[in-house]
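Here the structure comes first, spelled out in structure tokens, and everything after it is commentary.
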């Protein structure tokens with residue numbers, strides 16, 4: 190049966206489910222062999238003029254006009270109402286641009302619903318790396334700081350909040366910082382360079398390094414921004430401060446600082462031995478608890494035998510997530526199980542102590558806003574949940590995750606799969622780390638270049654993450670932008686302003702900021718009793734797969750697929766409880782996984798690399814996203830039938846306080862893939878042969894849409910900036926056809942006038 194015949198048959202049948210009748214046709218879509226003859230050039234002028242897509246009026250100005258964003262349990266509130274932040278990153282010295290670019294960004298971002306920016310790595314060094322002074326990481330270059338002051342002030346004026354994230358991770362110490370860290374050059378010398386970089390995980394071990402980082406932040410908090418008249422501590426537009434980025438004392442880097450610095454080894458060993466004496470009293474009792482084989486056994490990790498003895502203060506807290514994995518504790522490492530568990534508890538305590546010191550110093554400097562611990566991982570199971578709990582103690586939970594992409598070298602392959610094929614997969618699986626009583630943030634995420642399916646990212650996370658799961662803050666990752674859309678794909682590995690990503694924001698940001706998708710009740714808890722972790726007791730099997738930034742998560746009791754149907758969250762409990770298995774079967778119907786709220790439905794295609802789609806059916810937004818060619822998707826008064834192999838097609842109310850039923854203006858957004866002119870892939874679509882050049886070409890999207898709504902509709906194509914074009918398209922008996930090949934645009938306005946009106 191052809192797609193045309195399927196559609197014809199489905200139109201003859203009565204409605205039987207909330208969204209659509211679907212017969213999944215075979216998707217004959219080889220990513221590398223696509224016919225680009227109908228693709229059209231995307232050439233916006235990047236005007237801040239709102240047009241019909243602009244969201245400037247959705248943002249309360251200036252940011253913080255009514256005071257700070259506050260945290261209450263698992264929600265963020267502003268001026269008595271819950272608030273969602275939908276944003277992007279800026280990094281290094283691009284956080285402190287020249288005034289013209291600062292103005293351009295502050296005018297451009299709100300148009301696409303961006304109401305927050307993460308200023309990341311702004312003091313990762315001097316020059317291109319940030320606004321540090323030449324001599325010290327705790328002092329700021331006056332000109333650079335003035336530029337950042339201006340950018341923050343312009344963001345605030347436009348209704349945009351900021352998150353301050355100082356570093357990539359490790360501290361970059363200057364020559365003048367030796368007064369704070371006398372043993373600085375044990376981490377490296379200044380020969381031929383202006384900074385010494387501390388090892389990852391060093392900050393949690395060293396009060397000296399902590400003092401440097403705290404001094405650096407306090408100096409900024411006490412600095413008065415001349416463009417706002419407020420210190421950074423006073424300014425409610427500073428919504429979050431992040432303590433440390435992508436570091437944990439419980440990550441695989443945990444032993445590196447101790448190998449690098451003899452002084453740090455001595456200091457940490459003395460502290461660990463003092464802790465062990467408090468726990469065991471004497472070396473004899475320690476040996477009885479640990480066993481003889483537990484001592485002097487880490488030579489393969491770079492720690493030769495030293496005759497470890499409690500009285501010599503020379504026992505180090507050694508381990509990493511591989512050692513702490515239950516499979517190793519019960520297997521190859523069983524002979525030193527107790528040592529490893531004690532080490533884990535001790536290191537967790539050091540990390541919590543660092544966070545507590547940092548928070549106290551910021552409070553003493555006058556900052557009353559939200560604080561994030563870190564956003565990083567610590568393996569799986571025991572170390573993972575100790576790490577998560579240390580972040581939970583501080584405030585909002587923040588995490589990072591990326592999807593797809595990889596090498597662009599000649600002949601190399603990359604991951605060009607789609608998250609749509611398996612519910613809860615990829616970036617979404619990070620939701621198994623949200624805590625039941627804390628807001629949840631994803632401060633870095635994106636489809637990595639040259640992944641072709643970037644439009645699915647904002648669509649999936651907007652609906653399932655920031656909708657169904659109730660996540661609160663999003664920052665798509667990039668290093669920089671020019672205050673407009675990218676002029677070519679692949680300028681950076683991570684590109685939030687590429688059209689197949691930012692282009693869908695007029696639809697997704699409306700859905701997120703308006704709260705169209707209902708949040709599920711917590712139906713899939715993961716119970717964690719922190720004291721029981723010290724006995725290696727966890728009531729479920731936790732699985733983490735990590736290739737640095739790209740991660741996936743799962744458990745045996747609550748699968749990642751559960752993220753597609755009901756709210757999942759970690760509950761830190763006051764007693765040990767086994768986690769019950771979550772049953773997905775009640776949510777499976779007609780080949781779909783349907784959310785507990787009834788608004789979202791996901792058709793998986795796990796046996797293919799390309800396939801799957803999902804549906805959104807809310808009062809304010811109706812959408813179909815993915816590989817749904819020929820599917821008749823019915824959403825009450827709206828029916829969408831995609832006629833393209835892959836697309837994200839949204840019908841959404843234009844205004845912040847309207848629904849599709851009450852709005853006089855409906856925005857239709859239709860996007861698929863994007864490529865540079867001349868960009869070429871191999872036939873399998875997993876190896877980049879030629880990056881191509883500007884302009885960017887958009888894959889055309891075709892669909893038939895029917896909307897049953899009173900009034901006389903007019904379908905107006907919009908240009909690439911969302912401004913009206915002069916020629917309406919025909920509508921026949923309430924049925925309209927959008928066709929990107931014909932119309933050369935991803936944006937349309939469906940405008941209604943009252944019956945009989947001549948307006």
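Residue numbers (our numbering): 190 to 948.
Even for Gly, the Cβ is constructed at its ideal location relative to N, Cα and C.
For the ligand NAP, is there a heavy atom less than 7 Å away from the beta-carbon of residue i?
i	result
residue 736	As far as ligands go, the structure on display features none, and thus does not contain the ligand NAP.
Let's test the definition: count the other Cβ atoms within 10 Å of the Cβ of residue i and tell me whether it reaches 16, buried, or not, exposed.
i	result
residue 268	exposed
residue 511	exposed
residue 242	buried
residue 351	buried
residue 570	buried
residue 329	buried
residue 414	buried
residue 573	buried
residue 627	buried
residue 201	Its pLDDT being 33, under 50, residue 201 is placed unreliably in this model, and the value from its coordinates should be taken loosely. The residue in question, residue 201, is exposed, as its Cβ has fewer than 16 Cβ neighbours within 10 Å.
residue 432	buried
residue 564	buried
residue 710	exposed
residue 726	exposed
What are the partner residues of residue i, as DSSP defines its beta bridges?
i	result
residue 587	630
residue 758	714
residue 636	592
residue 891	928
residue 223	The partner list for residue 223 (beta bridge, DSSP) is empty, contrary to what the question assumes.
residue 734	741
residue 381	Paired residues: none, contrary to the question.
residue 865	885
residue 875	According to DSSP, which records beta bridges pairwise, residue 875 is partnered with nothing at all.
residue 777	782
residue 983	Here the chain covers residues 190 to 948 and nothing more, so residue 983 does not appear.
Express the C-alpha separation of residue j and residue i in angstroms, rounding to a whole number.
i	j	result
residue 410	residue 558	12 Å
residue 466	residue 306	47 Å
residue 928	residue 266	41 Å
residue 463	residue 367	28 Å
residue 895	residue 708	28 Å
residue 239	residue 333	31 Å
residue 288	residue 339	7 Å
residue 276	residue 632	9 Å
residue 552	residue 736	36 Å
residue 566	residue 580	11 Å
residue 217	residue 764	Reliability fails at residue 217, whose pLDDT of 40 lies under 50, so the model's placement of it is uncertain and the value that follows must be treated cautiously. Their backbone Cα atoms lie some 53 Å apart in a straight line.
residue 801	residue 692	21 Å
residue 420	residue 412	5 Å
residue 194	residue 851	Residue confidence for residue 194 is low, a pLDDT of 38 falling below 50, so the modelled location carries little weight; the figure read from the coordinates is stated next. Computed Cα separation, rounded: 35 Å.
residue 610	residue 943	43 Å
residue 833	residue 849	24 Å
residue 935	residue 244	17 Å
residue 303	residue 246	12 Å
In the DSSP assignment, the beta strand (DSSP E) including residue i goes from what residue to what residue?
i	result
residue 317	Here residue 317 belongs to no beta strand (DSSP E), and DSSP marks it neither H nor E.
residue 564	Unbroken run through residue 564: none, as it is neither H nor E.
residue 230	229-231
residue 791	789-792
residue 278	274-280
residue 331	Premise fails: residue 331 lies in the alpha helix (DSSP H), 331-347, not in any beta strand (DSSP E).
residue 831	827-831
residue 859	854-860
residue 664	662-665
Just to confirm the assignment, what range does the alpha helix (DSSP H) spanning residue i have?
i	result
residue 394	391-394
residue 472	472-479
residue 813	First-last for residue 813: 810-815, but that is the beta strand (DSSP E), not the alpha helix (DSSP H).
residue 691	688-691
residue 719	719-722
Since residue i and residue j should fall inside the 8 Å C-beta cutoff, what is the C-beta to C-beta distance between them, to a whole number of angstroms?
i	j	result
residue 696	residue 939	About 13 Å; that fails the 8 Å criterion.
residue 298	residue 258	The Cβ separation is near 18 Å, so there is no contact.
residue 810	residue 724	Their Cβ separation, rounded to whole angstroms, is 47 Å, which puts residue 810 and residue 724 out of contact at 8 Å.
residue 457	residue 394	5 Å
residue 576	residue 616	19 Å between Cβ atoms; not a contact.
residue 652	residue 789	6 Å
residue 387	residue 359	5 Å
residue 537	residue 439	7 Å
residue 441	residue 505	So it is not a contact: roughly 16 Å between Cβ atoms.
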